[in-house]
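Asks: Before I ask anything, here is the structure I am working with.
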Amino acid sequence: MSASSTPVGIIGGTGVYDPAWLQESFEQDVETPYGTTRVTGGRTGGRVVYFMNRHGAGHSVPPHRVNYRANLWALKSLGIRVVVATTAVGSLRRTIPPGALLLSDQFLDFTKSRVTTFYDGGADGVVHTDMTSPYCSGVGRTLFEHGQTLGLPMVLGGTYVATEGPRFESAAEVAVFGRLGGDVVGMTGVPEVVLARELGLCYATLSIVTNLGAGLSESPLTHEEVLGLMAATVGSVRDLLVASLPVLGEAECACGPGPERLPGLSAEV
Ligand code: HPA
1 MSASSTPVGI IGGTGVYDPA WLQESFEQDV ETPYGTTRVT GGRTGGRVVY FMNRHGAGHS
61 VPPHRVNYRA NLWALKSLGI RVVVATTAVG SLRRTIPPGA LLLSDQFLDF TKSRVTTFYD
121 GGADGVVHTD MTSPYCSGVG RTLFEHGQTL GLPMVLGGTY VATEGPRFES AAEVAVFGRL
181 GGDVVGMTGV PEVVLARELG LCYATLSIVT NLGAGLSESP LTHEEVLGLM AATVGSVRDL
241 LVASLPVLGE AECACGPGPE RLPGLSAEV
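Just so you know, the working numbering puts 241 at position 241 of the sequence shown, and the rest follows in order with no gaps.
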């Protein structure tokens, strides 16, 4: 089955909570070996879409406590091949200003306390997943092109630095991350992308730049600043998703088919 005829998963991050644009929507609980995840299913432009709030109802789950394995496993078990995840990020470069929408192609992992794999020993054995190109280039390119058509400030490619949070960074950390080659910094991109790759999903992150990183702007960073920029941008994000959803998965990519069986179970996918 081609990826463009399968349902699409959307993981809504900070500020992207409301899938009101889905038609014929319904709520569904998905049981996984890692816990239960709630999704909203529906349709747009003829495409079946499942939406999930990464931070749970009322933004109650902090980045280091998100059940990333349950979320990704649930999407895969729903027959989804293409996943678009939104993330709020700080910019590590003044040339990437607040308001920009960036599609990352690489990541640097500075998280500390998270389970970052489905292959945790046991029946699945030891599995080392290739992470050369962690994000789906086809889905990223399609989102970029649709965003450009809509006149949005798109950036194609960039390195996402993942921190543990929930605190923001020190000014020294932001300076070092920039020197290491990072472009944006956020708290949820890893292990999400790693788990998606382990499942062979065509996964792209749409990072919404909500602020300059700590120390790059005159004033201290606040969560209100992040939420304010998100509120101003969420309409554009919705327009971009609605415009591109029908064709996501059509563009060529190198993601491959993924495992024949879901890890952690003996069931066929
Ligand atoms: N740092 C980490 N996470 C973030 C930021 C930031 O500056 N802005 C939004 N999410």
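C-beta: ideal position from N, C-alpha, C; glycine also.
1. Within 7 Å: the Cβ of T111 and any heavy atom of the ligand HPA?
2. Using 8 Å as the threshold, is the region 122-138 in touch with the region 248-267, meaning 3 or more CB pairs across them?
3. Let me know if D105 comes out buried or exposed under the rule of 16 or more other beta-carbons within 10 Å of its beta-carbon.
4. Under three-state DSSP, which class holds M187?
5. Roughly how many angstroms separate the alpha carbons of Y160 and A57, rounded to a whole number?
6. Whose CA, out of V190, F177, A88 and K112, lies closest to the CA of V237?
7. On the CB-based measure, 16 or more other CB atoms within 10 Å of its CB, does A267 come out buried or exposed?
8. When you compare only the Cα positions, how much space is there between A85 and R94?
9. DSSP state of N71, grouped into three classes?
10. For G9, count neighbouring Cβ atoms within 10 angstroms of its own Cβ and tell me buried if that reaches 16, exposed if not.
11. Who pairs with C253 in a beta bridge, going by DSSP?
12. Hey, which unbroken runs of the beta strand (DSSP E) at 3 residues or more fall wholly within the region 31-110?
13. State the start and end residues of the unbroken alpha helix (DSSP H) segment that holds S137.
Replies: Concretely, from the data shown:
1. no
2. yes
3. buried
4. coil
5. 26 Å
6. A88
7. Annotation note: pLDDT 42 at A267 (below 50); position unreliable, no value reported.
8. 24 Å
9. helix
10. buried
11. Its beta-bridge partners do not exist; DSSP assigns none.
12. 35-44, 47-53, 82-91, 101-103 and 106-110
13. S137 to T149
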